[in-house]
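2 protein chains.
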Amino acid sequence: MRTTIKISAVLALAILAACGQQQNGSAAQSAEERNKETVIAFYDAAINDKDFEAASAYLGDKYIQHNPLAADGPEGLKAFLAFAKENLSSYKVEFKRVLADGDFVIVHAHAKANPEDRGSAVMDIFRLEDGKVVEHWDVIQPIPETAMNENTMF
Amino acid sequence: MRTTIKISAVLALAILAACGQQQNGSAAQSAEERNKETVIAFYDAAINDKDFEAASAYLGDKYIQHNPLAADGPEGLKAFLAFAKENLSSYKVEFKRVLADGDFVIVHAHAKANPEDRGSAVMDIFRLEDGKVVEHWDVIQPIPETAMNENTMF
Chain A
1 MRTTIKISAV
11 LALAILAACG
21 QQQNGSAAQS
31 AEERNKETVI
41 AFYDAAINDK
51 DFEAASAYLG
61 DKYIQHNPLA
71 ADGPEGLKAF
81 LAFAKENLSS
91 YKVEFKRVLA
101 DGDFVIVHAH
111 AKANPEDRGS
121 AVMDIFRLED
131 GKVVEHWDVI
141 QPIPETAMNE
151 NTMF
Chain B
155 MRTTIKISAV
165 LALAILAACG
175 QQQNGSAAQS
185 AEERNKETVI
195 AFYDAAINDK
205 DFEAASAYLG
215 DKYIQHNPLA
225 ADGPEGLKAF
235 LAFAKENLSS
245 YKVEFKRVLA
255 DGDFVIVHAH
265 AKANPEDRGS
275 AVMDIFRLED
285 GKVVEHWDVI
295 QPIPETAMNE
305 NTMF
């Protein structure tokens, strides 16, 4: 009986050890879900609401900007949103899909200057550190009037 | 003793059950790594080598195309690559980052029509089914001559 109990204990420890190795995967998935929520809240506050104060709550201690039309850093975003509020007040994005891989969140969106605009297809990549947005890349392409397929750009 | 053994057995089963829930995370990570490799091999064969036969080995039973310049389906890709081979023979992409989320793989790349070209920033999203490429979206933007930051578009 004593031997059997020992075997059970050793088995339980072995299973626990194996479990520990698997836990990284699951914890990573939860962090990715939180990162997606953070990026959408940030993107919505920044680009749809053009509200730098609200958006800055999701920013880390830096904001490395790769969009060629915006200056680097949180100050660059602030200036860009002030310009947008003044000149592109009806500019809105509709989120089509949001994906995550580790500290990266990818957004595919449809941007329109106004409700009548055919608009542009946009893909963004955001990098986060400790759950805060610290870097941004994007690619923007005006949607052409005609296409060789009927699937739309989304 | 009998009671203790029963408790150990119940505990072991409970740990195993918890383990099962964690396993999804780890298996998903391996599938994502395989999906990334498949997409890069496909993209390289298609766009860099313009070799439809080689690329089609990575395609599923359909290819839903969202790039407005290409027709739908494997036949659309075949025609697009034949056109590219004839008219854009020096067109090459350099992969900058490759990310994955479940059945989706995201590629950020620098495309050039020739080695002297400043080129375009490209983001692609591919969807896979059973490890094969079945759907593609992209956004392409010519890199401007000047930018408001020094971080490049990559």
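The listed protein sequences derive, respectively, from chains A and B.
Residue numbers for the first sequence, in our numbering: 1 to 154.
Residue numbers for the second sequence, in our numbering: 155 to 308.
Yeah, the Cβ is synthetic: ideal placement off N, Cα and C, and Gly gets one too.
Shorter than 9 angstroms from the beta carbon of Ser90 of chain A to some beta carbon of chain B? no
Which first and last residues belong to the alpha helix (DSSP H) in which Ser56 of chain A is found? Phe52 to Ser56
Among the candidates B:Ala224, B:Gly256, B:Ala181 and B:Asp271, whose CA atom is the shortest distance from the CA of Ala238 of chain B? B:Ala224
Quick check: is the beta carbon of Asp101 of chain A nearer than 9 angstroms to any beta carbon in chain B? Interface residue (Cβ-Cβ distance to chain B less than 9 angstroms): Asp101 of chain A is classified as such.
Any idea what DSSP makes of Ile297 of chain B, helix, strand or coil? coil
is_contact[Arg251 of chain B, chain A] using C-beta, thresh 9 angstroms: yes
Less than 9 angstroms between CB atoms is the rule here; does Thr38 of chain A satisfy it with respect to chain B? With 9 angstroms as the cut-off, Thr38 of chain A does not count as an interface residue toward chain B.
Between Ile125 of chain A and chain B, is there a C-beta pair that is closer than 9 angstroms? Judged by the 9 angstroms Cβ criterion, Ile125 of chain A is in contact with chain B.
Using the beta-carbon of each residue, which ones in chain A are nearer than 7 angstroms to Leu223 of chain B? Met148
So Gln141 of chain A and Val293 of chain B are supposed to be a Cβ contact under 8 angstroms. How far apart are they, rounded? The distance from the Cβ of Gln141 of chain A to that of Val293 of chain B is about 5 angstroms, consistent with a contact at the 8 angstroms cut-off.
Listed in chain order, which residues of the segment 107-132 of chain A have Cβ atoms closer than 7 angstroms to some Cβ of chain E? In summary, chain E is missing from the structure at hand, where the protein chains are A and B.
Along the chain, where does the alpha helix (DSSP H) containing Gly131 of chain A start, and where does it finish? Per DSSP, Gly131 of chain A belongs to no alpha helix (DSSP H) and is neither H nor E.
Asn189 of chain B burial status per 10 Å Cβ neighbour count (16 or more: buried): buried
With respect to the alpha helix (DSSP H) encompassing Leu77 of chain A, which residues constitute its N-terminal and C-terminal limits? Gly73 to Asn87
Simplified DSSP state of Arg272 of chain B, which is helix, strand or coil: Correct three-state label for Arg272 of chain B: coil.
What residue does the beta strand (DSSP E) around Asp61 of chain A start on, and which one ends it? Leu59 to Gln65
Cα separation between Glu94 of chain A and Ala111 of chain A? Approximately 6 angstroms between the Cα atoms of the pair.
Chain B residues whose Cβ lies nearer than 7 angstroms to that of Asn151 of chain A: Ile218, Gln219, His220 and Asp226
Check Ala28 of chain A in the structure and name its three-state DSSP category. Ala28 of chain A: helix per DSSP, three-state reduction.
Look at the alpha carbon of Ala236 of chain B and the alpha carbon of Glu135 of chain A, and state the distance between them as a whole number of angstroms. Spanning the two alpha carbons is a distance of roughly 38 angstroms.
Counting C-beta neighbours from all protein chains within 10 Å, is the total for Ser120 of chain A 16 or more, i.e. buried, or is it exposed? buried
Taking the continuous beta strand (DSSP E) assigned at Ile106 of chain A, which residues delimit it? Phe104 to Lys112
Where the segment 287-299 of chain B meets chain A: residues whose CB sits under 9 angstroms from a CB there: Glu289, Trp291, Asp292, Val293, Ile294, Gln295, Ile297 and Pro298
Span separating the alpha-carbon of Thr118 of chain A from that of Ala46 of chain A: According to the sequence shown, residue 118 of chain A is Arg rather than Thr. Those two C-alpha atoms are separated by around 22 angstroms.
Any Cβ of chain A within less than 9 angstroms of the Cβ of Gly230 of chain B? At least one chain A Cβ lies under 9 angstroms of Gly230 of chain B.
Taking CB distances under 9 angstroms as the criterion, tell me whether Glu240 of chain B reaches chain A. False, the Cβ-Cβ gap to chain A never drops below 9 angstroms.
For chain A, check one thing: does any of its Cβ atoms lie closer than 9 angstroms to the Cβ of Glu248 of chain B? no
Is Phe52 of chain A close to chain B? Criterion is C-beta to C-beta, closer than 9 angstroms. no
To the nearest angstrom, how far is it from the Cα of Glu186 of chain B to the Cα of Glu86 of chain A? If you take the alpha carbons of Glu186 of chain B and Glu86 of chain A, they lie about 43 angstroms apart.
Does the beta-carbon of Phe80 of chain A have 16 or more other beta-carbons within 10 angstroms, so that it is buried, or is it exposed? Buried: at least 16 other Cβ atoms inside 10 Å.
Report the neighbours of Phe308 of chain B on chain A: residues whose CB is nearer than 8 angstroms to its CB, in chain order. His66 and Trp137
For Trp137 of chain A and Ala208 of chain B, I'd like the C-alpha separation in whole angstroms. C-alpha separation (whole angstroms): 31 angstroms.
Distance CB(Leu99 of chain A)-CB(Leu253 of chain B) smaller than 9 angstroms: With contacts defined by Cβ atoms closer than 9 angstroms, Leu99 of chain A and Leu253 of chain B form a contacting pair.
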